[in-house]
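Throughout, this note's numbering is defined as the position within the sequence shown, counted from one, plus 349. The beta-carbon is built from N, C-alpha and C at its ideal position, and this holds for glycine as well. I have placed the structure first, in the form of structure tokens, so that the comments after it can refer back to it.
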Amino acid sequence: MTFSADEDFSHQLDAEDPLRQFREQFHLPLTTNGQPLIYFAGNSLGLMPKRARAIVEHELDQWAAQAVGAHHSPDAPWYSYHELVREQLASLVGAGPDEVVCMNSLTVNLHLMLATFYRPTRSRFKILMEEPAFPSDTYAIKSQIAHHGFDPGTALVLVRPRERESTLRPEDFELAIEQHGEQLAAVLFGAINFLTGQLFDLRAITAAAQRHGIVAGFDLAHAVGNVPLSLHEWNVDFAVWCSYKYLNAGPGAVAGAFVHERHATNTALPRLAGWFGNDPNTRFQLHLQPEFIPVASADAWQVSNPPILSMAPLRASLELFQEAGAMESLRAKSLKLTSYLRFLLTDNSTGGLEVITPAEETAHGSQLSILYEEKGKGAFQRLEEAGVRCDFREPNVIRAAPAPLYNTFHEVWRFAQLLAAP
Ligand SMILES: *Cc1c(COP(=O)(O)O)cnc(C)c1O
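So, in structure tokens, the structure goes:
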């Protein structure tokens, strides 16, 4: 598509946008002048769906009126509340319903997955990650390595961008696998890098890892609700995600995990257990059966009972995804938003800025990372003062993520005007 830098063109794109009515479904934070912020921070915390309040209030009312009785109320019983989001989450990540479970928070789920899938031996004990990785993932991985008595200094292998490059080359990943293959126990990649916005080819990474007998796991924090995923078909071993970024489920919202069917149905796998991972049919028969009997699905990794007040807003948000036609239509608008933003930022007549996020459609999601070599912090502060919310990563990256559910093309135009202004 050919873009124009005229303001009118942005209005035209908004008028043609089939998803434009979804913006009204969200609370838009306001500037001190009472105008909506240009909110390009949905990659950190998605906006609040208006219907989240009613659904949380409903659960508070249930608590007030029925207390323990609400565990088995006919409408959305708490006892199996996690099952209410199962189908929709499965469809967002491209999985079967028995391959996903909504539980805990992201890093906790990463630990639970590694307890099963990282079983190092003296010869095979290394983990391959991308650099830079999100700090929590690095802490988790290093602590897992140390927990098993290995040295993170030698057991953690990092693939990083080459000198003077910002993003990873797929062939460097393959090279690292070739080099460490027989010693690698697991590969753990962020599906979309939090800093550069680079989307990796999960299918290719999984296949390369599995050719060498290595487990392939992914952190979908920046990918779920952002790009289409087909975890089952790609044969991914496991994945984890949070729900407060593109999934708009609120601060600290309950997270999720995917376990491929071939593992999910294997009840013999080692795992950290709790009562909600037990087969519901025998969960309460402790006097008869004191042994843990895992249910033959991803639910077997669910340690505790579902956090209702954290899961309720996720239900509200997932409804919107479904009404929007799930990932296909969202991805179409997202690609248009980012191409338009990239055009305005990088075109010499309007911006002349450098975007480090790869340009190929298969290699990015909603986020563009802008390299602001000089005075990046100053430019970022100017944006904030002008009513933009995005973020700045030291030393020189501005991350902007227009979200297709609630951002407009005119906001993209205004953002680019503000950033390109001297
Ligand atoms: C946001 C994010 C996290 C956050 O972890 P929590 O356990 O939800 O606090 C972890 N990893 C990545 C890659 C992220 O983007």
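For ligand 1, a non-hydrogen atom lies closer than 7 Å to the CB of alanine 570.
Taking the Cα positions, leucine 505 is about 6 Å away from leucine 477. Taking a C-beta distance under 8 Å as the contact criterion, alanine 675 and phenylalanine 389 do not qualify as a contact pair. Per the C-alpha coordinates, the member of Ala495, Pro484, Leu507, Ser472 positioned closest to leucine 463 is Ala495.
Per the coordinates, the alpha-carbon of alanine 712 lies some 37 Å from the alpha-carbon of alanine 622. The C-beta separation of asparagine 756 from leucine 686 comes to about 7 Å, placing the pair in contact by the 8 Å criterion. The nearest non-hydrogen atom of ligand 1 is 7 Å or more from the C-beta of glycine 599.
The region 583-591 makes contact with the region 549-563, as at least three CB pairs between them are under 8 Å.
Considering only His407, Val746, Gly445, the residue with the shortest C-alpha distance to leucine 578 is Gly445. Taking the Cβ atoms as the reference, glycine 530 lies roughly 28 Å from histidine 571, outside the contact range of under 8 Å.
Contact check between the region 714-728 and the region 397-404: fewer than three CB pairs, one atom from each, fall below 8 Å, which does not count as touching.
If you look at alanine 598, you'll find it isn't in any alpha helix (DSSP H); DSSP assigns it neither H nor E.
Exclusion of the five residues before and after alanine 617 leaves no residue of its chain whose Cβ lies closer than 7 Å to its Cβ.
The shortest C-alpha to C-alpha distance from threonine 381 to any of Leu544, His407, Glu734 is the one to Glu734. Counting along the chain, the unbroken beta strand (DSSP E) around glycine 605 starts and ends at 605-608. Runs of beta strand (DSSP E) with 3 or more residues, each lying fully within the region 372-451, are found at 449-451, listed in chain order. With a cutoff of 8 Å on beta-carbon distance, leucine 754 and alanine 673 are scored as near each other. Shown here, glutamine 547 sits in a strand according to DSSP, grouped into three states.
Per the DSSP secondary-structure output, glutamate 479 pairs in a beta bridge with Val508. Nearest C-alpha to leucine 596 among Ala613, Phe741, His609, Val576: Val576. Assignment of proline 501 by DSSP, reduced to helix, strand and coil, places it in the helix class.
Nearest to threonine 614 by alpha-carbon distance, out of Ala598, Ser592, Gln634, Ala649, is Ala649. Of all C-beta pairs linking the region 403-415 to the region 554-569, fewer than three are shorter than 8 Å, placing the two stretches out of contact. The region 590-607 and the region 562-571 touch, with three or more beta-carbon pairs separated by less than 8 Å.
The Cβ atoms of alanine 354 and leucine 690 lie no closer than 8 Å to each other.
Exclusion of the five residues before and after serine 659 leaves Ala602, Val603 as the residues of its chain whose Cβ lies within less than 6 Å of its Cβ. DSSP, read as helix, strand or coil, puts aspartate 521 in helix.
CA-CA distance, alanine 681 to lysine 594, rounds to 19 Å.
Here DSSP, grouped into helix, strand and coil, assigns arginine 738 to strand. Straight-line spacing of the CA atoms in lysine 491 and proline 367 works out to 45 Å. Leucine 663 sits close to alanine 598, with the two beta carbons spaced by under 8 Å.
Within the DSSP secondary-structure output, leucine 720 pairs in a beta bridge with Glu703, Val746. With respect to the 8 Å criterion, aspartate 740 and serine 393 are classified as neighbours on the basis of their beta carbons. Partner residues in the beta bridge of valine 536, as assigned by DSSP, are Leu477, Ala565.
At a cut-off of 7 Å, the beta-carbon of aspartate 486 counts as near ligand 1: some heavy atom of the ligand is closer than that.
Between arginine 620 and proline 655, the C-beta gap is not smaller than 8 Å, which leaves the two residues out of contact.
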